[in-house]
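*Asks:*
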Amino acid sequence: MTDWMPEWLRLTLKVGFRLFLFGIVVFLLVGSYYYYKASQFDLDKVAEEQLKNTLLDHTGKPLLRADDKQSLLITKEDLPQHLVHALIAREDKNFETHCGVDFIGLVRATKRNVKDMSFTQGASTLTMQLARNTYDDLKEKSLNRKFIEIALSLRIENRYSKPEIMAYYLNRIYFGSGCYGIEQASQKYFKKPTRELDLSESATLVGIIRGPHIFSPLNDLKAAEEQRNQVLDRLVTIGKLTSLKAQSIKSTPLKLPLLVITVKKPQNVANGYAMNALERHLNELLAKKDIRAAGLTITSSLDLDLLHLCENDMKSIVSSTKLSNLQAASVVIDHTSGAIRCSIGGIDIKNSELDYALDSQVDLGDAFSPFIYATALERGKLPIRGNPVQTSKQLDSADMIRIAKRFGFEDNFNQNEIFYGSGTTNPLRLATAFCVFANNGKRPHTYFVESIVKHDGTTLFSNSARNTQAIQEGSAIEINKLLKNVKGTLQYTTYAFGGRALWSMASHKDKTAVLWLGFDKAKPVPNKSGLLKKMEKLTYKWVN
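Anchor point for the sequence shown: position 352 equals 786 in the working numbering, and the numbering is continuous, going up by one each time.
Structure below.
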């Protein structure tokens, strides 16, 4: 039959047929190999709840009660239809028709990756993303991992229904600001369960997925709104939303419930202000390091026993005054490492969510005097204790501001009034600056998180002591001589402008403490002499 064919054509067909058979054999062998590899994964894990994060103080004591770790799983029945449509529109438009793998999209992505010589295009379906977020073995970017992920996705699709896969996916994905799973995100961002989300809220949460750190509405409300609008546009494109309705939602600025902007005190073992401060800095760290894994053991710098001690002492001294609206804040730092052992931003977080320890700007007054004395020593001048204004006549105000920044004061000081204590700051910055005197002239870099470790023991982050030389060691030694009391504790207790702010600072051994008392609206605190004596005793106790 092939006598009429030229020899070259017969040879071409023969070789082509053999290559075709060889390709089929290779495909079957490779497919069998990866099917076997995928069969080693336990599919029950897909439906399981993620491991919870464990939050510890620096000695290993838990900062959350066991009963705070309640389940936040949703089921397929909890998903509003507009949430389903939004997720499909944004992440996987062929979700309802593919078998777990979008082969056309995969070919397209492969061509792009070959062209770019990279793995920038993944063509991952929701099922493939679910597999990757369930099993740690699939985290790395490689061709081998991709083939296992494909085979595993086919198994998942064969085992679970589409609605189940979507629910499991939403239970596992990271939504930024410490939220693992959509129910936790819904409760945190919108103060409602997933099943009650409206279209705008659903689109917002879906918009977070591609960049959970940068698109979290708590981190960047404008960016979250832009992502919401992009999801709405995708819904219009696939025919699940009218342009008119989309435009109506987009014209409404994204807003979060006011109570969410600063999270109220959760059921913690530790003080609510301290936990909020830790959460804020932890989320910044997770974003910076792009850490999205669950089941983390997070060791903080906080000291649970010291937190309880400071909190009780602060409540006691404020209640003893019988003054309404009097506030207090305290910070205790390990000045050798920069670890923040205590940070309490107020008396009752239920009544005032402003963290006075970290976010306030309160009068310094005479509390700035030790830094004037230190500047005089740095410039070879004689500090006159009890007379900072007289001391300042030997100094240049612009130079004073430069040295203040070396102490860690990031606040704006008035060059003409800096020597009169007219500046403002918060207790954390003042405590950090006061650390310099006890730390041989070195300013510690403060932190709330000591380490982050995965459930398998892998260390994702570890903090280490870092210091910046602020003043000469000799200057620090002289300030110690100037400020040390008879018991050997470096201490300075004073007030600002007739008592608008009361301050007590103390350093001993490895700890530096600052306690502040004052009102929301600056006004003199009555009986300041008696209160200052009590404050001095407290800061002495905290560092000894």
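A virtual CB, placed ideally from N, CA and C, is assigned to each residue, including glycine. In this text the structure is predicted, and so the values were computed from the model without any measurement.
Got a sec? Which residues, its chain only, sit under 6 Å from R452 by beta carbon, not counting five neighbours each side?
*Replies:* Contacts found: none.
*Asks:* Between L924 and the rest of its own chain, which residues show a CB-CB distance below 7 Å, the 5 nearest in sequence each way excluded?
*Replies:* Cβ within range, chain order: F871, A872, N914, L917, K918, A940, S941 and H942.
*Asks:* What is the residue span of the beta strand (DSSP E) that L936 lies within?
*Replies:* Counting along the chain, the beta strand (DSSP E) containing L936 begins and ends at A935 to H942.
*Asks:* Identify, in the order they occur along the chain, each residue of the same chain with its Cβ nearer than 6 Å to the Cβ of A585, setting aside the five sequence neighbours on each side.
*Replies:* Y468, Y469 and A472.
*Asks:* By Cβ distance below 6 Å, which residues in the same chain neighbour N528 in space, the five residues on each side in sequence not counted?
*Replies:* The answer, listed in chain order, is D536.
*Asks:* Can you give the Cα-Cα distance for P700 and Y807, rounded to whole angstroms?
*Replies:* Below a pLDDT of 50, predicted positions are generally treated as unreliable, and P700, at 41, falls in that range; the measurement from the model is reported next regardless. Taking the straight line joining both Cα atoms gives about 43 Å.
*Asks:* Under 8 Å, do G857 and L798 count as touching if we go by C-beta distance?
*Replies:* Cβ distance < 8 Å, so G857 and L798 count as in contact.
*Asks:* Do we get a CB-CB distance below 8 Å when we pair I607 with the residues of chain C?
*Replies:* The structure shown contains no chain C, having only a single protein chain.
*Asks:* Classify C776: buried if its beta carbon has 16 or more other beta carbons within 10 angstroms, exposed otherwise.
*Replies:* Counting Cβ neighbours within 10 Å, C776 comes out buried, since at least 16 surround it.
*Asks:* What residue does the alpha helix (DSSP H) around E970 start on, and which one ends it?
*Replies:* Where E970 is concerned, the enclosing alpha helix (DSSP H) stretches over K962 to V977.
*Asks:* Using a Cβ-Cβ cutoff of less than 8 Å, which residues in the same chain neighbour V697 once the five nearest sequence positions on both sides are dropped?
*Replies:* At V697, the pLDDT of 40 sits below 50, so the modelled position is not reliable; the number obtained from the coordinates is stated separately. Same-chain partners within the cutoff: K622, N710 and E713.
*Asks:* Residues in the same chain with beta-carbon distance under 6 Å from I522, minus the five sequence neighbours each way, listed in chain order, please.
*Replies:* F529.
*Asks:* If you count every other CB in all the chains shown that lies within 10 Å of the CB of I774, and 16 or more means buried, which is it?
*Replies:* So I774 counts as buried.
*Asks:* Between the Cα of I683 and the Cα atoms of D632, P958, E907 and R593, which residue gives the shortest distance?
*Replies:* Comparing Cα positions, the closest option is D632.
*Asks:* Drop a sphere of 10 angstroms on the beta-carbon of T638, count the other beta-carbons inside from all chains shown, and report buried for 16 or more, exposed for fewer.
*Replies:* Buried.
*Asks:* If contacts are defined as beta-carbon pairs under 8 Å, then R668 and R542 qualify, I think. What distance do you get, rounded to the angstrom?
*Replies:* Going by Cβ atoms, the distance from R668 to R542 rounds to 18 Å, so no, they are not a contact pair.
*Asks:* Which of the three DSSP states, helix, strand or coil, is assigned to T696?
*Replies:* No answer about T696 holds up, because its pLDDT of 42 lies below 50 and its placement is not dependable.
*Asks:* Do you know offhand how far E630's Cα is from L507's?
*Replies:* E630 and L507: Cα-Cα distance of roughly 15 Å.
*Asks:* So, at 7 Å on beta carbons, what are the nonlocal neighbours of N717 in its own chain, with the 5 sequence-adjacent residues on each side left out?
*Replies:* So the qualifying residues of the chain are S611 and G612.
*Asks:* Count the other CB atoms within 10 Å of the CB of K967; is the residue buried (16 or more) or exposed (fewer)?
*Replies:* It is exposed - the Cβ of K967 has fewer than 16 other Cβ atoms within 10 Å.
*Asks:* Restricting to Cα atoms, I'd like to know which of D800, S898 and E884 is closest to I852.
*Replies:* The shortest C-alpha separation from I852 is found at D800.
*Asks:* Between which two residues does the alpha helix (DSSP H) containing T561 stretch?
*Replies:* Note, T561: alpha helix (DSSP H), L560 to T568.
*Asks:* Who are A773's beta bridge partners in DSSP?
*Replies:* In DSSP, A773 forms a bridge with D768 and Y881.
*Asks:* What residue range does the alpha helix (DSSP H) around S473 cover?
*Replies:* Looking at the DSSP string, the run of the alpha helix (DSSP H) that includes S473 is E441 to S473.
*Asks:* Is it the case that the Cβ atoms of S885 and S898 are separated by a distance below 8 Å?
*Replies:* Not in contact: S885 and S898 (Cβ atoms no closer than 8 Å).
*Asks:* Can you tell me where the beta strand (DSSP E) holding F895 begins and where it ends?
*Replies:* Element bounds for F895: T893 to S896.
*Asks:* In whole angstroms, what is the alpha-carbon distance linking W976 and L740?
*Replies:* Taking the straight line joining both Cα atoms gives about 8 Å.
*Asks:* Looking at the secondary structure, which residues open and close the beta strand (DSSP E) in which N901 lies?
*Replies:* N901 to Q903 is the span of the beta strand (DSSP E), which, as asked, contains N901.
*Asks:* Can you check whether the CB of L498 is closer than 8 Å to the CB of L485?
*Replies:* Against a cut-off of 8 Å, the Cβ pair of L498 and L485 comes out as no contact.
*Asks:* Per DSSP, which residues does I778 bridge with? Please list them.
*Replies:* Answer is S764.
*Asks:* How is the alpha helix (DSSP H) around I732 delimited, first residue to last?
*Replies:* Careful: I732 lies outside any alpha helix (DSSP H), inside the beta strand (DSSP E) at T731 to S734.
*Asks:* By Cβ distance below 7 Å, which residues in the same chain neighbour I590 in space, the five residues on each side in sequence not counted?
*Replies:* Only L477, V480, G534, T561, L564, A565 and I599 meet the Cβ criterion.
*Asks:* Taking the alpha carbon of K842 as the point to measure from, which residue in G814, Q828, K876 and N567 has its own alpha carbon closest?
*Replies:* First, the residue type needs correcting, since residue 842 is Gly and not Lys in the sequence shown. Closest option to G842, Cα to Cα, is K876.
*Asks:* Assuming L829 and T809 make a contact with CB atoms under 8 Å, what is their CB distance in whole Å?
*Replies:* About 6 Å; that satisfies the 8 Å criterion.
*Asks:* Check whether the Cβ atoms of S909 and L811 sit closer than 8 Å, and answer yes or no.
*Replies:* In this structure, L811 lies closer than 8 Å to S909 by Cβ.
*Asks:* Starting from Q795, trace the beta strand (DSSP E) both ways and give me its first and last residue.
*Replies:* Careful: Q795 lies outside any beta strand (DSSP E) and carries neither H nor E.
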